[in-house]
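Residue numbers (UniProt numbering): 1 to 180.
Following this line, the structure appears as structure tokens:
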């Protein structure tokens, strides 16, 4: 099997979303973990380096909350960062037109573009009620939870609940519900 890697645009998007909070201290910690943001980002980064970078970044940016919440906030921040780009702003502006049902279906396609290893399965259990199974959460289900929450909120989901369950250290399932 090929090495599990995260693609450059994923790394760039994550750290662009952090903006001025990407301090020299955080950059140094990331460099020690194998991610040198002072050099051109390679086409791909090993999954384990990315997972450690997520952990370090969540802990550095959100030391006042538990690990799960720190990862969740990092995921929410990623969607907020996407909106800061020209293409991202146009894409996110379309989400309310698509609505949460279509956006949740597209999550599978979106997640498939960030790396070469993530597999997803979406099971619709009724209107505004889905289970999303994800093969790899890079150490914590909170990051993807934040991305899902922020995306569906932007799409217009009301009374949204995204609850991770069956996390085994890698794979995780998310129960996703909102008011139709």
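Yeah, the Cβ is synthetic: ideal placement off N, Cα and C, and Gly gets one too. Note that the structure is a prediction, hence the values are computed from the model and not measured.
The beta carbon of residue 95 is closer than 8 Å to those of 103, 151, 154, 155, 156 in its chain, skipping five residues each way along the sequence. When only Cα atoms are considered, residue 166 and residue 136 end up about 12 Å apart. The bridge partners DSSP lists for residue 129 are 126, 177.
Counted as a single uninterrupted DSSP element, the beta strand (DSSP E) harbouring residue 158 occupies residues 158-165.
A contact between stretches requires three or more CB pairs, one per stretch, nearer than 8 Å, and the stretch 169-176 fails this requirement with the stretch 110-117. The beta-carbon distance between residue 45 and residue 5, rounded to whole angstroms, is 6 Å. This is short enough to meet the 8 Å contact definition. Judged by DSSP secondary structure, residue 5 falls within the beta strand (DSSP E) whose first and last residues are 5-7.
Taking every protein chain shown into account, the CB of residue 21 has fewer than 16 other CB atoms within 10 angstroms, so this residue is exposed. Unbroken alpha helix (DSSP H) runs of no fewer than 4 residues, entirely contained in the stretch 51-116, are found at 67-82, 86-112, following chain order.
Between residue 85 and residue 123, the alpha-carbon positions lie close to 31 Å from each other. For residue 129, the CB contacts under 6 Å within the same chain, skipping 5 residues up- and downstream, are 177 in chain order. Under the three-state reduction of DSSP output, residue 23 falls in the coil class, being neither helix nor strand.
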